[in-house]
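In the working numbering, the protein residues as written are 5 to 353.
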C-alpha cells in the first residue's frame, strides 16, 4: 500500500498528480482545506490537502492469512493517517489562536482581557466548531461591546479629574475652544488647582484669548457663588488639582468639590503613555469620584493602543474625547467607535 499526501489549489490538480504518480487505481482517503503557513496565510485563500492510497504494483500469490494480515496493516495505516490529520487540524486551530493572540499582545492588549474575551466566545459557542475567521469576527464584536463612546450632549457643568501630568489643563483649554469657537456656546472656566505653580495663570491666559469668564475657587465654599456668577454660561468647565491615585484622602477631597458643584459630567483624564498596571490602579482608585466619562490624552505619543481598550474594559464608562497633541484647539476630537477599534486592532485589520 502506497499512501501519499498532496497540497494543491483545487481537486483537478490533485487528480492529475494522483493518476500520474499512483495510477488510475488509486483512491482518495481524505481531503480538507488548510491555511498556508505564517501570519500572512491567515488572510489568504485556503489550499486543499488530499491524501490518496494505491496498491503496490508488485503482486505475489499469498495465503489467506497473509492477505488478512496485509489488510489489517493497511487499515492500521489508514487509522494512523486519519489520527495524524485530526491532530494536525487541532494544532492548526491552536496555532491560529496563538498567532492572533500574539498580534493582540504586541499591540499592548493585556492577556487578562484577551483570555476573558476568548473564554466568553468559547462559552457561548461550546457546541459549535468555529473557524479562526469566525473567531476573529466574534472577537471584533466583543471589542465593540467593550468600547463605548459618549454622545457628548454638552452637559452644563463638567469637571476634569485625574492624576498629575496627564494634561488636564491643556485639555480643558481645548474643550473651551471647541465649545466656544466651533459650537458657539457660552463657556465659563473655573480652576481649583491652586497647588501647581503656573496652573492658574495658564488657564487664565486661555480664558483671555477666548474672551470667556474665568474664576479661581480657593475653597469648596467658593464653588456655589462662582457657579452663580456664571449662570448665563451654557457650559462650565472645572479644572481640578492632579491627585496621586494612591492618596485616597486627596481623591476624596476632589469628590467633595464635585458634589458641591453638582457636576453633570465628570471626565477622568488618562494618558495613553501610562503603564498598563498603573492605568488599572488609577481607574479603580478614582471610581470614588463617580466619573461617568473618559478623556484619553497623548494618543499621538504611543504606537500600541491596547491602553485604550484597558480604559474601556476596567473603567466601563464611555470615552468622550481623544487628544492627539499639544496644539490648542486643534488636537482634540470626539471619540469615534470605529476609529478606536482600528487603533486597538492595528491598521491592517
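For glycine and all other residues, C-beta sits at the position ideal for the given N, C-alpha and C.
In this structure residue 292 is in contact with residue 259, their Cβ atoms being roughly 6 Å apart against a cut-off of 8 Å. In the three-state reduction of the DSSP assignment, residue 210 falls in the helix class. Your pair residue 118 and residue 127 does not check out as a contact, with CB atoms roughly 15 Å apart and the cut at 8 Å.
Straight through space, the alpha carbons of residue 125 and residue 176 are spaced by roughly 40 Å. For residue 338, the enclosing beta strand (DSSP E) covers residues 336-338. If you draw a straight line from the Cα of residue 254 to the Cα of residue 246, it is about 9 Å long. For residue 152, there is no enclosing alpha helix (DSSP H), as DSSP gives it neither H nor E. Beta-bridge partners of residue 192 (DSSP): 240. Assignment of beta strand (DSSP E) within the stretch 219-287, counting only whole runs of 3 or more residues, yields 239-243, 269-275 in chain order. Judged by beta-carbon spacing, residue 270 lies beyond the 7 Å limit of residue 248, meaning their Cβ atoms are not closer than that value. In terms of Cβ geometry, residue 195 and residue 207 form a close pair [threshold 7 Å].
The bridge partners DSSP lists for residue 312 come to none.
In this structure, DSSP gives residue 323 an extended state, which the three-state scheme calls strand. In the structure shown, residue 183 falls within a helical segment according to DSSP collapsed to helix, strand and coil.
If you draw a straight line from the Cα of residue 60 to the Cα of residue 7, it comes to about 10 Å.
For residue 23, the enclosing alpha helix (DSSP H) has its first and last residue at 15-26. The C-alpha of residue 58 is placed about 4 Å away from the C-alpha of residue 30. Distance check between residue 135 and each of 39, 163, 210 places 39 closest, using alpha-carbon atoms only. In this structure, the alpha-carbon of residue 142 lies about 44 Å from that of residue 264.
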